[in-house]
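A.B. asks:
In my numbering, the protein residues as written are 1 to 217.
1. Tell me whether residue 184 sits in a helix, a strand or coil according to DSSP, three-state version.
2. From which residue to which residue does the alpha helix (DSSP H) around residue 86 run?
3. Have a look at residue 169 and residue 182 and give me their C-alpha separation to the nearest angstrom.
4. Can you have a look at residue 164 and say buried or exposed, based on whether 16 or more other CB atoms are within 10 angstroms of its CB?
5. Given a threshold of 16 other Cβ atoms within 10 Å of its Cβ, counted over all protein chains shown, does residue 215 qualify as buried or as exposed?
6. Can you grab the Cα-Cα spacing for the pair residue 44 / residue 137, in whole Å?
7. Considering only DSSP beta bridges, list what residue 80 is partnered with.
8. Taking all protein chains shown into account, do 16 or more other C-beta atoms lie within 10 angstroms of the C-beta of residue 203, making it buried, or fewer, making it exposed?
9. Give a yes or no on contact between the stretch 139-148 and the stretch 91-107, applying the rule of three or more CB pairs nearer than 8 Å.
10. Helix, strand or coil, according to DSSP, for residue 215 in the structure here?
11. Start and end of the alpha helix (DSSP H) containing residue 154?
12. Considering only residues of the same chain and omitting the five flanking positions on each side of residue 153, which have a CB-CB separation below 7 Å?
13. Can a CB atom of chain B be found closer than 9 Å to the CB of residue 137?
14. With DSSP as the reference, identify every bridge partner of residue 201, one or two as the case may be.
15. Should residue 210 be labelled buried (16 or more other beta-carbon atoms within 10 Å of its own) or exposed?
16. Could you have a look at residue 119 and say whether DSSP puts it in helix, strand or coil?
17. Do the CB positions of residue 121 and residue 112 come within less than 9 Å of each other?
18. DSSP puts residue 136 in a beta bridge; with which residues?
19. For the alpha helix (DSSP H) containing residue 106, name the first residue and the last one.
20. Do you know offhand how far residue 199's Cα is from residue 76's?
21. Residue range of the beta strand (DSSP E) that residue 99 falls in?
22. Flag this pair as yes or no: are the beta carbons of residue 194 and residue 125 separated by less than 9 Å?
23. Looking at C-alpha atoms only, which residue of 173, 81, 128 and 66 is the closest neighbour of residue 98?
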């Protein structure tokens with residue numbers, strides 16, 4: 001199981017269009033969440049990252065970029081990044097000496113990157129199909145679709161191991177299709193196990209993407 005000590009909610013969405021990446025200064029809102037997600041439970045507690053970083057840890061002055069992706073699909077749009085453009089994003093990050101770190105490590109002040117590298121955090125909202133898609137196969141029962149985000153991340157890491165392999169997936173366990181746990185119910189639990197096994201983090205994005213401001217207590 002994966003436990004996050006805190007959750008960061010994007011207060012400003014990063015706009016990513018085609019091969020150009022416009023990155024405003026990120027703003028973060030801390031939140032305390034404790035919700036049940038299928039067979040995993042994720043607890044969140046309010047921790048200010050600055051307080052978790054010791055004096056011996058490099059000071060990144062809060063300028064660690066967190067990018068939020070939604071759909072990896074076609075066509076390119078406000079909430080959609082094509083597989084080709086997602087690959088281009090990774091290539092550009094690598095060329096600019098970014099290195100992936102886990103959101104949980106950032107929250108705990110464990111920011112370890114190689115000399116000359118800049119930390120980068122990737123998050124994925126809504127558990128849409130293009131984030132993790134399985135294709136039925138013989139021996140193992142499935143293989144990962146080469147046009148989904150996970151395969152793109154893993155294949156890029158295989159050829160660029162110094163880039164790192166990390167991302168946090170904020171999932172919706174009770175949303176309507178196609179956003180209920182990546183939209184393959186027969187593989188729902190196996191996909192969660194796959195993410196954990198590969199070292200990715202799983203976070204809560206509410207039960208069905210409820211508008212909390214309109215919910216009663």
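Every residue gets a Cβ at the ideal spot worked out from N, C-alpha and C, and that includes glycine.
Computed from a predicted structure; not experimentally measured.
C.D. replies: Result, derived from the coordinates:
1. Position 184 of the chain shown, counted from the start, is the residue given in the question as residue 184. Three-state result, residue 184: coil.
2. Numbered from its first residue, the chain shown carries residue 86 at position 86. Per DSSP, residue 86 is one residue of the alpha helix (DSSP H) stretching across 83-95.
3. Counted from its first residue, the chain shown places residue 169 at position 169. Counted from its first residue, the chain shown places residue 182 at position 182. Approximately 11 Å between the Cα atoms of the pair.
4. Here residue 164 refers to the residue found at position 164 when the chain shown is read from its first residue. Residue 164 should be labelled buried.
5. Position 215 of the chain shown, counted from the start, is the residue given in the question as residue 215. Answer is exposed; the Cβ neighbour count stays below 16.
6. The residue labelled residue 44 in the question sits at position 44 within the chain shown. The residue labelled residue 137 in the question sits at position 137 within the chain shown. Confidence is the limiting factor: at residue 44 the pLDDT is only 29, short of 50, which leaves the residue's position unreliable and the question unanswerable from this model.
7. Taking the chain shown and counting its residues from 1, one reaches residue 80 at position 80. For residue 80, DSSP records a beta bridge to 71 and 77.
8. The sequence position of residue 203 within the chain shown is 203, counting from 1. Buried, by the Cβ-count rule.
9. Result no; under three Cβ-Cβ pairs closer than 8 Å.
10. Your numbering for residue 215 matches position 215 in the chain shown. If DSSP states are grouped into helix, strand and coil, residue 215 belongs with coil.
11. Stepping through the chain shown from its first residue, residue 154 is reached at position 154. Residues 149-159.
12. Taking the first residue of the chain shown as 1, we reach residue 153 at position 153. Excluding positions up to five away in sequence, the list reads 165 and 167.
13. Considering every chain present, this structure includes no chain B. It has just one protein chain.
14. Your numbering for residue 201 matches position 201 in the chain shown. Answer is 168, bridged to residue 201.
15. As a working mapping, residue 210 is identified with position 210 in the chain shown. The C-beta of residue 210 has fewer than 16 other C-beta atoms within 10 Å across all chains shown, which makes the residue exposed.
16. Counting from 1 along the chain shown, the entry for residue 119 is found at position 119. Residue 119 carries a strand assignment under DSSP once its states are collapsed to helix, strand and coil.
17. Working through the chain shown from its first residue, we reach residue 121 at position 121. Working through the chain shown from its first residue, we reach residue 112 at position 112. A distance of 9 Å or more separates the beta carbons of residue 121 and residue 112.
18. Counting from one through the chain shown, the residue named residue 136 turns up at place 136. Residue 136 pairs with 142.
19. Along the chain shown, read from residue 1 onward, the residue named residue 106 stands at position 106. Under the DSSP assignment, residue 106 falls in the alpha helix (DSSP H) whose first and last residues are 103-107.
20. Within the chain shown, numbered from 1, the residue matching residue 199 stands at position 199. Within the chain shown, numbered from 1, the residue matching residue 76 stands at position 76. Distance between the alpha carbons of residue 199 and residue 76 is about 28 Å.
21. Walking along the chain shown from the start, residue 99 turns up at place 99. From DSSP, the beta strand (DSSP E) with residue 99 extends over 98-100.
22. On the chain shown, residue 194 is found 194 positions in, with the first residue counted as 1. On the chain shown, residue 125 is found 125 positions in, with the first residue counted as 1. For residue 194 and residue 125, no; Cβs fall outside 9 Å.
23. Within the chain shown, residue 98 is the residue found at index 98, counting from 1. When C-alpha distances from residue 98 are compared across 173, 81, 128 and 66, the shortest belongs to 66.
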